[in-house]
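J.: For the sequence shown, the residue numbers in this note's numbering are 1 to 558.
Quick one: the structure is below, questions incoming.
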Amino acid sequence: MKKIPPNSKILFAGWGCENPNDTYMYQIYYTLLKKIFPRLETFDTKKNYFQLGKDKMNSNFLKKIQSTNYDLIISAIEYDELSLETLEKIKKISPNTKSVLIICDDDARFDNWSRYIALFFDYIITSQDFLNEYKKEGINAFFHLDYNTTNLKPLNIEKIYDVTFIGRPKADRNEVIKYLLDHGIKVTLFGWDWYKYPEFAGVYNGPLSQEDYAKVINQSKINLSPAKAGYLEQRNQYNMKGRYFEVALCKSFQLIEKFPTLLKFFNEKEIGMYTSQEDMLDKIKYYLKNEKEREKIAERAYLKTIKKYNREKQLIKIFAEIFNSKEKNFFPKNNKKIITLTKKDFSNDLNEKVKDADYIAFQTKNVLEESKFKNYFLSRAISVTDKPISCCNYYLSSFGLKDYALSISKFAFKRIGNEANKLIDINQLMVKKDFFLENLNLFNKLFLRENIDLINEENTAFVSLPLVSIKKIKKIEYEKMKKAFDFKFQNELFSLMYQKKILTKAYPYLLTFKSLKGNSFILKYLIELAKDKSSRDKLSVNELYIQNSPIEKLRKKK
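Quick look at the structure:
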């Protein structure tokens, strides 16, 4: 039997991995990894980001790796906190160290993010449905169920809630809750952001601590779980959540929206399932009247989970395989010939210039900086999907503010439709040569920054990595801008605030100036952020574990 070498030196890097209140990084992964690897060290990217800023955080991460000969580095990346250049340098400064990436949401991100970021790592830990997808692309992957086991157990306390839902108002969840309330079902809501829906004020009880999370599950006659993932535009995607196993560990009954992956783990004798709102309502009414049946179903799910889905045993087996494997991951070679065109090239004989090319890339004066990985990933996206266009994300950037906003192009098209074409910059694209020549007029218009409907989800392979920084974009209305960008200046301001440098650094003043010079979305977002209760609450929660923050020092004085 393969074993993990004793005294292995392991580094776990994750967004919030040192925060005891962080459900995912700390409670689900850190606590179990520490049990398996007694010498486990951590690097909390969130904590270091806010204490030091993004650049210094990346630098310190590399220094930590360089100073210690780690046997294994386990990473869980939020999005762009660790730069691609940092990920590349890890292999250069510590070539004998094996690397693992934990990915929890491949159902939403595999096609546009995971398959690309995975190339920087030797092994991937993912969900069962995507093992074959990684295998097809030559990437080593393992399946693991990630769910919380901290303090989750039967408490044998009174069931005081008829129906509870714990989570955020994503996908169609608010519609589901409204439907039940309209039909006389007593629903109690817990989690972040429901205050934004005043119609639920009477049934919303706020977010839960880990202790109260286990308590509420145990106190619920029916734990409701709509299974659709993410935003409204993802409402036809389903997500295999860890909560299903967490409720089972509490030996509590749950009613889950039925979808194929769920049936790989549980059957309808172990978990209640529904197929429509009407079916959900009927089953809630039935199970509220049949306590003994609820208890029998919950008992079966509990026994199956503790016997068959033991996370500790799963992880030990995975890491034993990794330690005993000699496989390392390397970037697949790119044999495609790429020609980069400028506006000047359009006045010459293009057929002659591109005749030997496979793919066409573009560059204009709107570029401030370009990643060394841009052509590689855009080319790979076309190759693995066989779509005629690939499109990466871009940073909106300036010399003083650096990268202050990030386009999220794939989701922009889902959220605002064809309006997202107004935000497309030719520098983020690569196309097959034949497609380029067939649509020469459209690409000429793109160079001239004219509005054209070129990109859509059918013809474009999105690469959700920021591979280029540009100076400016076309203006669109604020509400649509919010849906198409991640405003990175928010994190920079939070970092300065935690460092007590918000008034002494130039960044806030440059940001204000930028807003007044035609970028009003910045000021509008900051005003909105200041009014947002959820953001203020999260800020306070973060300050409880980010050491040396002003508010934390005040608390200590009191």
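We put the CB at the ideal spot given by N, CA and C, even for glycine.
Any idea what DSSP makes of residue 318, helix, strand or coil?
T.: Sequence index remark: in the sequence shown, residue 318 carries index 318 (1-based). Note: residue 318 maps to helix in three-state DSSP.
J.: Would the stretch 365-375 count as touching the stretch 461-474 if we require 3 or more Cβ pairs under 8 Å?
T.: The stretch 365-375 vs the stretch 461-474: in contact.
J.: So, with DSSP's three-state summary, where would you put residue 254?
T.: One-based indexing of the sequence shown puts residue 254 at position 254. DSSP places residue 254 in strand when its eight states are reduced to three.
J.: Would you identify the three-state DSSP class for residue 556, choosing helix, strand or coil?
T.: Position 556 of the sequence shown, counting from 1, holds the residue named residue 556. Only weak support exists for where residue 556 lies, its pLDDT of 41 falling under 50; the value from the coordinates is given anyway. Residue state, collapsed to three classes: helix.
J.: Give me the residue from 213, 260, 273, 275 with the minimum Cα distance to residue 247.
T.: Position 247 of the sequence shown, counted from the first residue, corresponds to residue 247. It is 213.
J.: What number of angstroms, rounded off, separates the C-alpha of residue 478 from the C-alpha of residue 311?
T.: Taking the first residue of the sequence shown as position 1, residue 478 is located at position 478. Taking the first residue of the sequence shown as position 1, residue 311 is located at position 311. If you draw a straight line from the Cα of residue 478 to the Cα of residue 311, it is about 44 Å long.
J.: For a minimum of 4 consecutive residues, which ranges assigned as the alpha helix (DSSP H) are wholly contained in the stretch 398-451?
T.: 409-416, 433-438, 440-447
J.: Would residue 19 be called buried (16 or more neighbouring beta carbons within 10 Å of its own) or exposed?
T.: Here residue 19 is taken as the residue at index 19 of the sequence shown, counted from 1. Residue 19 should be labelled buried.
J.: Determine the extent of the beta strand (DSSP E) in which residue 169 is found, giving its start and end residues.
T.: Residue mapping note: residue 169 aligns to position 169 of the sequence shown, counting from 1. First-last for residue 169: undefined, no H or E at that position.
J.: May I ask you to report which of helix, strand or coil DSSP gives residue 126?
T.: In the sequence shown, residue 126 corresponds to position 126, counting from 1. Correct three-state label for residue 126: strand.
J.: What whole-angstrom Cβ distance do residue 484 and residue 389 have, given they're in contact under 8 Å?
T.: Translated into the one-based positions of the sequence shown, residue 484 becomes position 484. Translated into the one-based positions of the sequence shown, residue 389 becomes position 389. Wrong, their Cβ atoms sit about 18 Å apart, outside the cutoff.
J.: Helix, strand or coil for residue 501, going by three-state DSSP, please let me know.
T.: Indexing the sequence shown from 1 puts residue 501 at position 501. Three-state DSSP puts residue 501 in coil, outside helix and strand.
J.: Whose C-beta lies closer than 6 Å to the C-beta of residue 143 among residues of the same chain, with five residues either side of it excluded?
T.: Within the sequence shown, residue 143 is the residue found at index 143, counting from 1. Result list for residue 143: 128, 131, in chain order.
J.: Is residue 486 helix, strand or coil by DSSP?
T.: Against the sequence shown, residue 486 aligns to sequence position 486. In this structure, residue 486 counts as strand in the three-state DSSP scheme.
J.: Count the other CB atoms within 10 Å of the CB of residue 53; is the residue buried (16 or more) or exposed (fewer)?
T.: Sequence index remark: in the sequence shown, residue 53 carries index 53 (1-based). Result: buried.
J.: So, using beta-carbon positions, are residue 427 and residue 463 closer together than 8 Å?
T.: In the sequence shown, counting from the first residue as 1, residue 427 sits at position 427. In the sequence shown, counting from the first residue as 1, residue 463 sits at position 463. No; because the gap between Cβ atoms is not below 8 Å, this pair is not in contact.
J.: What does DSSP give as the partner residues of residue 467 in its beta bridges?
T.: Within the sequence shown, the letter at position 467 stands for residue 467. Residue 467 pairs with nothing; no bridge assigned.
J.: Confirm, please, whether the CB-CB distance from residue 122 to residue 326 is below 8 Å.
T.: If you number the sequence shown from 1, residue 326 lands on position 326. If you number the sequence shown from 1, residue 122 lands on position 122. Not closer than 8 Å, so no.
J.: DSSP beta-bridge partners for residue 42?
T.: Residue mapping note: residue 42 aligns to position 42 of the sequence shown, counting from 1. Residue pairing from DSSP places residue 42 in a beta bridge opposite 12.
J.: Pair every Cβ in the stretch 100-110 with every Cβ in the stretch 68-77, then say whether three or more of these pairs are closer than 8 Å.
T.: yes
J.: Please classify residue 203: does DSSP put it in a helix, a strand, or coil?
T.: Residue 203 sits at position 203 when you count from the first residue of the sequence shown. Coil.
J.: If you check the beta carbons only, do residue 17 and residue 152 fall under 8 Å apart?
T.: Locating residue 17 in the sequence shown gives position 17, where the first residue counts as 1. Locating residue 152 in the sequence shown gives position 152, where the first residue counts as 1. The Cβ-Cβ distance between residue 17 and residue 152 does not fall below 8 Å.
J.: What does DSSP give as the partner residue(s) for residue 141 in the beta ladder?
T.: For the purposes of this step, residue 141 is taken as residue 141 along the sequence shown, with counting starting at 1. Per DSSP, 124.
J.: Residue 77: which of 49, 93, 63 sits nearest, CA to CA?
T.: Taking the first residue of the sequence shown as 1, we reach residue 77 at position 77. It is 49 whose Cα lies nearest to the Cα of residue 77.
J.: Quick check on DSSP: helix, strand or coil for residue 223?
T.: As a first step, residue 223 must be located in the sequence shown, where it is residue number 223. Note: residue 223 maps to strand in three-state DSSP.
J.: According to DSSP, residue 189 sits in a beta bridge with which residue or residues?
T.: Against the sequence shown, residue 189 aligns to sequence position 189. Partner residues in the beta bridge of residue 189, as assigned by DSSP, are 165, 204.
J.: Helix, strand or coil for residue 7? Go by DSSP, reduced to three states.
T.: Taking the sequence shown and counting its residues from 1, one reaches residue 7 at position 7. Three-state result, residue 7: coil.
J.: Hey, how far is the Cα of residue 61 from the Cα of residue 379?
T.: Within the sequence shown, residue 61 is the residue found at index 61, counting from 1. Within the sequence shown, residue 379 is the residue found at index 379, counting from 1. If you take the alpha carbons of residue 61 and residue 379, they lie about 30 Å apart.
J.: Please determine if the stretch 431-442 and the stretch 490-504 are in contact, where contact requires at least 3 C-beta pairs separated by less than 8 Å.
T.: no
J.: Is the shortest distance between the beta-carbon of residue 54 and the beta-carbons of chain D less than 8 Å?
T.: You won't find chain D in this structure, because it holds only one protein chain.
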